[in-house]
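What follows is one structure encoded as structure tokens, with my remarks underneath.
Residue numbers (the numbering used here), protein chains in the order written: chain F, 1 to 84; chain D, 85 to 233.
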């Protein structure tokens, strides 16, 4: 299962890439994904502890961490916005 | 019309597009790149998650049109590198009467600033520094929650 993670603002600057493709063998929820990412890179621990960051799955805000993920899904990590 | 673009826009042209005989009032908000005295910047860079931002702007347009009975609404937001004094964002609301379009225009820009997937960076020399969200912008947005639920 392939999941694309998109990074924006200071998160993109810190991780030095705008997006990343991860491949997982098993079906998983968003909560599983968080744990997998933290195991891969401790940077994600900081991200997931930051309560100002919002997480979107295929353009919809994630409100339930137990939501199932599917092959080809796109998850975006969004720091507080500053447009206008 | 909703547009996210790297290109500049012309105020008169945008007004002509929204102008109609049924409207008796238009309200405009134009945001430009400010030269802060204590912040020595060369310009700003605007990053956008375009698919999400378009959805969010369309929802803002729909909500404000319903609430204030707008006949039309234009929201244009620039992205990319912008120099001092360049135009960033334009909101035009059109309605039969002025109070509706003035209030709707304020709602749209307040909501956009706190709730649309756009991020500002200050350009200082070769560096681009992310700008932090201001509490007053968030408070302004939250204050609308009693008006639009």
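We put the CB at the ideal spot given by N, CA and C, even for glycine.
Residues bridged to residue i (per DSSP)
i: residue 156 of chain D; result: D:178
i: residue 10 of chain F; result: Partner(s): none; residue 10 of chain F has no beta bridge.
i: residue 132 of chain D; result: D:202
i: residue 20 of chain F; result: F:5
i: residue 162 of chain D; result: D:89
i: residue 110 of chain D; result: D:178
i: residue 214 of chain D; result: D:205
i: residue 77 of chain F; result: F:7 and F:55
i: residue 101 of chain D; result: Paired residue(s): none; residue 101 of chain D is not in a bridge.
Residue i vs residue j beta-carbon contact at 9 Å
i: residue 154 of chain D; j: residue 132 of chain D; result: no
i: residue 75 of chain F; j: residue 56 of chain F; result: yes
i: residue 129 of chain D; j: residue 204 of chain D; result: yes
i: residue 127 of chain D; j: residue 207 of chain D; result: yes
i: residue 31 of chain F; j: residue 54 of chain F; result: no
i: residue 200 of chain D; j: residue 160 of chain D; result: no
i: residue 85 of chain F; j: residue 2 of chain F; result: Nothing in the structure corresponds to residue 85 of chain F, since chain F is present only between 1 and 84.
i: residue 11 of chain F; j: residue 212 of chain D; result: no
Per-residue burial, residue i [other beta carbons within 10 Å of its own, 16 or more giving buried]
i: residue 158 of chain D; result: buried
i: residue 43 of chain F; result: exposed
i: residue 150 of chain D; result: exposed
i: residue 84 of chain F; result: buried
i: residue 63 of chain F; result: exposed
Assumed close pair residue i, residue j - CB separation to whole angstroms, cut-off 8 Å
i: residue 80 of chain F; j: residue 217 of chain D; result: 4 Å
i: residue 176 of chain D; j: residue 112 of chain D; result: 5 Å
i: residue 188 of chain D; j: residue 225 of chain D; result: At roughly 15 Å, the Cβ-Cβ gap does not stay under 8 Å, so residue 188 of chain D and residue 225 of chain D are not in contact.
i: residue 194 of chain D; j: residue 152 of chain D; result: In fact, because the Cβ distance is near 14 Å, the residues do not count as touching under 8 Å.
i: residue 88 of chain D; j: residue 137 of chain D; result: 6 Å
i: residue 29 of chain F; j: residue 69 of chain F; result: 7 Å
- Task: With 7 Å as the limit, tell me which residues of the region 40-67 of chain F have their beta carbon closer than that to any beta carbon of chain D; keep them in chain order.
- Result: Listed in chain order, the positions of the region 40-67 of chain F with a beta carbon within less than 7 Å of a beta carbon of chain D are 56 and 59.
- Item | Short-range partners of chain F found in the region 116-144 of chain D, where Cβ spacing is below 7 Å | 130, 131, 133, 135, 136 and 139
- Message: For the region 171-199 of chain D, list every residue whose C-beta sits within 8 Å of some C-beta in chain F, in sequence order.
- Response: 172, 173, 193, 196, 197, 198 and 199
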